[in-house]
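Chains as they are written, first to last, in the working numbering: chain C, 1 to 215; chain X, 1001 to 1215.
Right, one structure below, let's go through it.
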């Protein structure tokens, strides 16, 4: 498998964690979201992913190349094709809660902090893109923690790592980047610390990617 | 089941379509997103859904009340518990494409047009909220159509209704509302017309809900 990724993209990061947790090796293909006006906007990359987003997971099977985009769709695919270890609980309502927490980040927070949106906030509306992000992240994490309090153990759902943790960890990195105070979210930072002990999360960290430019 | 819904909320609309397609009866509980400063912000509703969003699906099972939020999480729950008729294809890569198209709307377009975001664009940034929406919807539909062209038949994925159609139809209503020209998207409007022939889609339409205030 080949993963088109950008080190700091939280959506790419999610997929890296899941691939690592499931023990699936992959080739890392960096797509620089800022250089050259954004390499995701090149004709070459648009042919791979018309949404011009990362990640794209390329899977070759039976001589056919399949290209999957959208991190949630990729995670669900991985869960179905490589069910062990499971990253979704077995119990139906817990599964729903796991996906609910994941979507609180996936559709509730991240889309408002993505690069194209920030560029438009700044260039078109002359707004403060950092303050914009901080507002939505803070609001989203407050709701996330409130829901996670009902099921949280070592991880978001008891003591087993799940999709919810996979979504949470890169979002907390984003929160710090945009200056969000994480003091009000002790449950979330405690879960983050637990995840940081796991090799799968360590290897997926933004700063450890081949294209990383850490501060 | 009880569905907390707002007639014009595209996320509520998706769940109404899925419930209808699967033949599941439900009680409709309107939550007015604008009246009284937004009924979703009331203490009563926050106790039901800390995210302060619609829809919330309330399922009582074995004497316990479960409250599910996030339309994608709800749809996946319905698909698992009420598998027939299936709204996801059986083939793994088609399933992934179906979820990918769905997420292009769910996380790629809708979060940028939701009410809280528009209010902030207008009040904080003094921006044109309608133009903001139109930009993201147009950009998102272009990518959606490009991907859907590879699999489109009567519906987004061949001749069987799926999640992708469930996400597309309410998004097209939103597109018109925000003045997006749909001329460049003949595949999408053709699929929309096919869906409009199905009673499940007809009954779920915004204008036919008990709390509707059609123009």
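The beta-carbon is built from N, C-alpha and C at its ideal position, and this holds for glycine as well.
The model shown is predicted, which means the values in this text are computed figures rather than measured ones.
* Taking all protein chains shown into account, do 16 or more other C-beta atoms lie within 10 angstroms of the C-beta of residue 1123(X), making it buried, or fewer, making it exposed? -> The count along the second chain starts at 1 and reaches residue 1123(X) at position 123. Exposed, because fewer than 16 other Cβ atoms sit within 10 Å of the Cβ of residue 1123(X).
* Residues from the region 158-181 of chain C in contact with chain X, defined by Cβ distance under 7 Å -> none
* Asked: Beta carbon of residue 1074(X), beta carbon of residue 1109(X): below 7 Å?
  -> As a first step, residue 1074(X) is located in the second chain; it is residue number 74 there, counting from the start. As a first step, residue 1109(X) is located in the second chain; it is residue number 109 there, counting from the start. For residue 1074(X) and residue 1109(X), no; Cβs fall outside 7 Å.
* Closest by C-alpha distance to residue 1010(X), when choosing among 1166(X), 1080(X) and 1121(X) -> Stepping through the second chain from its first residue, residue 1010(X) is reached at position 10. Looking at the Cα atoms, 1166(X) is the closest of the given residues.
* Asked: According to DSSP, which residues form a beta bridge with residue 1065(X)?
  -> Locating residue 1065(X) in the second chain gives position 65, counting from the first residue. In DSSP, residue 1065(X) forms a bridge with 1060(X).
* Straight-line gap, residue 117(C) to residue 140(C) (C-alpha atoms, nearest Å) -> Mapped onto the first chain, residue 117(C) falls at position 117. Mapped onto the first chain, residue 140(C) falls at position 140. The alpha-carbon atoms of residue 117(C) and residue 140(C) are separated by roughly 17 Å.
* Distance, residue 1071(X) Cα to residue 1029(X) Cα -> To locate residue 1029(X), count along the second chain from 1; it is residue 29. To locate residue 1071(X), count along the second chain from 1; it is residue 71. Going by the C-alpha atoms only, they are around 16 Å apart.
* How far does the beta strand (DSSP E) with residue 1213(X) in it reach, from first residue to last? -> Here residue 1213(X) corresponds to residue number 213 of the second chain, with the count starting at 1. Note, residue 1213(X): premise wrong, no beta strand (DSSP E); not H, not E.
* Asked: Does DSSP put residue 158(C) in a helix, in a strand, or in coil?
  -> The sequence position of residue 158(C) within the first chain is 158, counting from 1. Strand at residue 158(C).
* Asked: In the structure shown, what three-state DSSP assignment does residue 45(C) receive?
  -> Residue 45(C) sits at position 45 when you count from the first residue of the first chain. Residue state, collapsed to three classes: helix.
* To do: Rounded to whole angstroms, what's the CA-CA distance from residue 147(C) to residue 197(C)? Just pull it up for me.
  => Within the first chain, residue 147(C) is the residue found at index 147, counting from 1. Within the first chain, residue 197(C) is the residue found at index 197, counting from 1. Computed Cα separation, rounded: 24 Å.
* To do: Give every residue of the same chain whose Cβ lies closer than 8 Å to the Cβ of residue 278(C), excluding the five residues on either side of it in the sequence, and list them in chain order.
  => In the structure as shown, chain C begins at 1 and stops at 215. Residue 278(C) is therefore absent and cannot be evaluated.
* Just the chain C side, please: which residues come within less than 9 Å of residue 1155(X) by C-beta, in chain order? => For the purposes of this step, residue 1155(X) is taken as residue 155 along the second chain, with counting starting at 1. Going along chain C, no residue has its Cβ under 9 Å from residue 1155(X), so there is no contact; the nearest lies around 18 Å.
* **Option in 78(C), 85(C) and 16(C) with minimal Cα separation from residue 209(C)** => For the purposes of this step, residue 209(C) is taken as the residue at position 209 of the first chain. Residue 209(C) has its Cα closest to that of 16(C), out of 78(C), 85(C) and 16(C).
* **Proximal residues to residue 1077(X) (C-beta, below 7 Å), its chain only, five neighbours per side dropped** => Along the second chain, one-based indexing puts residue 1077(X) at 77. Excluding residues within five positions, the ones whose Cβ falls inside 7 Å are 1068.
* To do: Taking only beta-carbon positions, decide if residue 62(C) is within less than 7 Å of chain X.
  => Walking along the first chain from the start, residue 62(C) turns up at place 62. Not an interface residue.
* Asked: Beta carbon of residue 79(C), beta carbon of residue 88(C): below 7 Å?
  -> For this step, residue 79(C) is matched to residue 79 along the first chain. For this step, residue 88(C) is matched to residue 88 along the first chain. Contact: yes.
* **Assumed close pair residue 227(C), residue 105(C) - CB separation to whole angstroms, cut-off 8 Å** => Missing from the structure shown is residue 227(C); chain C here goes from 1 to 215 and no further.
* Anything in chain X within Cβ reach of residue 66(C), meaning under 8 Å, just list it in chain order. => Taking the first chain and counting its residues from 1, one reaches residue 66(C) at position 66. Simply 1093 and 1096.
* residue 1024(X) versus residue 50(C) - alpha carbon distance -> For the purposes of this step, residue 1024(X) is taken as residue 24 along the second chain, with counting starting at 1. For the purposes of this step, residue 50(C) is taken as residue 50 along the first chain, with counting starting at 1. The alpha-carbon atoms of residue 1024(X) and residue 50(C) are separated by roughly 36 Å.
* Asked: In terms of residue numbering, what span does the beta strand (DSSP E) encompassing residue 1027(X) cover?
  -> Against the second chain, residue 1027(X) aligns to sequence position 27. First-last of the beta strand (DSSP E) with residue 1027(X): 1027-1030.
* **Alpha-carbon to alpha-carbon, residue 1151(X) and residue 1183(X)** => Here the question's residue 1183(X) lines up with position 183 in the second chain. Here the question's residue 1151(X) lines up with position 151 in the second chain. Their Cα atoms are separated by approximately 20 Å.
* Would you say residue 100(C) reaches chain D, if we count a Cβ-Cβ gap shorter than 7 Å as a contact? -> Included in the structure are the protein chains C and X, with no chain D among them.
* Please list the partners that residue 127(C) has in chain X, where partner means a Cβ-to-Cβ separation under 7 Å. => The count along the first chain starts at 1 and reaches residue 127(C) at position 127. Within chain X, the residues near residue 127(C) are 1125.
* Asked: What does a CB cutoff of less than 8 Å around residue 1188(X) pick up in its chain, not counting 5 residues either side in sequence?
  -> Counting from one through the second chain, the residue named residue 1188(X) turns up at place 188. So the qualifying residues of the chain are 1141, 1144, 1145, 1148, 1168, 1172 and 1182.
* Asked: Per DSSP, residue 2(C) is paired with what?
  -> The sequence position of residue 2(C) within the first chain is 2, counting from 1. 27(C) and 58(C).
* **Beta bridge counterpart(s) of residue 152(C) as assigned by DSSP** => Start at 1 with the first residue of the first chain, and residue 152(C) comes out as number 152. In DSSP, residue 152(C) forms a bridge with 158(C).
* **Residue-chain proximity (residue 31(C), chain X), Cβ-Cβ < 7 Å** => Residue mapping note: residue 31(C) aligns to position 31 of the first chain, counting from 1. It does not: the Cβ of residue 31(C) has no partner Cβ on chain X nearer than 7 Å.
* **Endpoints, alpha helix (DSSP H) assigned at residue 192(C)** => Against the first chain, residue 192(C) aligns to sequence position 192. That run of the alpha helix (DSSP H) goes 186-195.
* To do: Would you mind telling me which residues of chain C sit closer than 8 Å to residue 1054(X), beta carbon to beta carbon, in chain order?
  => Working through the second chain from its first residue, we reach residue 1054(X) at position 54. Within 8 Å Cβ-Cβ: nothing; residue 1054(X) doesn't reach chain C, min ~13 Å.
* Asked: Relative to the C-alpha of residue 57(C), which residue among 101(C), 163(C), 159(C) and 19(C) is closest?
  -> For the purposes of this step, residue 57(C) is taken as the residue at position 57 of the first chain. The shortest C-alpha separation from residue 57(C) is found at 19(C).
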